[in-house]
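Okay, so here's the structure we're looking at.
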Amino acid sequence: MAEASSFHSETRRLLRDRALETARDIVCTEGWGAVSMSRVAREVGISRPVLYKELGSRESLAEALIEREVDQFMAGIIDGLAPHTADPVAGLTAATEFALHTAAENSLIKAILTGRQAGDTALLPAVMTEPEPVLVRVLDTLTDAVRAQYGLPAVEDATLKSMVEVVIRMNLSHIFQPLGTVERAIEQVAAVIAGIFARPPVSAIPVDLHRSVQTA
Numbered sequence: 001m002a003e004a005s006s007f008h009s010e011t012r013r014l015l016r017d018r019a020l021e022t023a024r025d026i027v028c029t030e031g032w033g034a035v036s037m038s039r040v041a042r043e044v045g046i047s048r049p050v051l052y053k054e055l056g057s058r059e060s061l062a063e064a065l066i067e068r069e070v071d072q073f074m075a076g077i078i079d080g081l082a083p084h085t086a087d088p089v090a091g092l093t094a095a096t097e098f099a100l101h102t103a104a105e106n107s108l109i110k111a112i113l114t115g116r117q118a119g120d121t122a123l124l125p126a127v128m129t130e131p132e133p134v135l136v137r138v139l140d141t142l143t144d145a146v147r148a149q150y151g152l153p154a155v156e157d158a159t160l161k162s163m164v165e166v167v168i169r170m171n172l173s174h175i176f177q178p179l180g181t182v183e184r185a186i187e188q189v190a191a192v193i194a195g196i197f198a199r200p201p202v203s204a205i206p207v208d209l210h211r212s213v214q215t216a
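Numbering of the sequence shown is given in UniProt numbering, commencing with residue 1 and proceeding in unit increments.
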């Protein structure tokens, strides 16, 4: 019975991955406007009801696609921290270098930015407006990684989260509103990282992502 359940779970995971990879390919070559549940189901080789059951609506597909990309992105970012075992400034700067260089070559991000210029903006809310798919996901993961890697016992949880949030927001700004070279962007973010992490924080700063996103 356990083997059957495991097989079913693995089959669903593979189906989900194939559907998301198919949607990604369409976005990268034709834009989000060309993505439909019918087309994704047809190219994956399943029925549309099966796809709806696994991923829900087209909007849910977009969110799942972005979350998958973010998770893959974060694996590389956290790897950037690892060699810098006792230096959060060096670690977060290395993570920023990875993030900005990788984003500059990422075909999905390029497609989103190209789509914005062409008026195909349907994916932008999932990336830049709604906090959950990108900002909250990255913030939680990176804050936990920084705490695990560097300890920083003198820094309260709320303060650390706010410190990391500043770094993330700067990275996202340079990724989705690039101006100048990647190297210049890295220098700017690195200066902020050094200013935040090279000296102990004064006090905790409450974090309310929903409010900060709405008022940004």
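Beta carbons are placed, not taken as given, at the ideal position from N, Cα and C, and that holds for glycine.
Straight-line Cα distance separating residue j from residue i
i	j	result
Leu-20	Gly-56	12 Å
Ala-82	Gly-91	7 Å
Gly-180	Glu-187	11 Å
Leu-152	Ala-194	15 Å
Leu-88	Ile-196	Here residue 88 turns out to be Pro, not Leu, going by the sequence shown. Cα to Cα, the separation comes out at about 10 Å.
Met-37	Arg-18	13 Å
Leu-61	Leu-15	13 Å
Glu-59	Ala-145	30 Å
Best match in the options for proximity to residue i [C-alpha to C-alpha]
i	options	result
Arg-199	Arg-184, Val-155, His-174, Glu-183	Val-155
Met-163	Val-44, Met-37, Arg-147	Arg-147
Asn-106	Gly-195, Asp-25, Leu-14, Ser-9	Asp-25
Thr-141	Leu-51, Thr-159, Met-74, His-8	Met-74
Beta-carbon proximity check, residue i vs residue j, cutoff 9 Å
i	j	result
Glu-54	Arg-12	yes
Val-138	Ile-175	no
Ala-104	Pro-49	no
Nonlocal neighbours in the same chain, by C-beta distance under 8 Å from residue i, ignoring five residues either side
i	result
Ala-216	Reliability fails at Ala-216, whose pLDDT of 46 lies under 50, so the model's placement of it is uncertain and the value that follows must be treated cautiously. Cβ neighbours of Ala-216 beyond the five flanking positions: none.
Val-189	Thr-93, Thr-96, Leu-100, Val-167, Met-170, Asn-171, His-174
Neighbourhood of residue i by C-beta, 7 Å cutoff - its chain only, sequence neighbours within 5 removed
i	result
Ala-111	Val-27, Cys-28, Gly-31
Thr-22	Val-40, Glu-43, Val-44
Leu-65	Leu-20, Ala-23, Arg-24
His-84	Ala-90, Gly-91, Ala-94
Val-182	Leu-100, His-101, Ala-104
Residues of its chain near residue i, where Cβ-Cβ distance is below 6 Å and the 5 sequence neighbours each way are ignored
i	result
Ala-34	Ile-26
Gly-80	Ala-94, Ala-95, Phe-98
Ala-185	Leu-100, His-174
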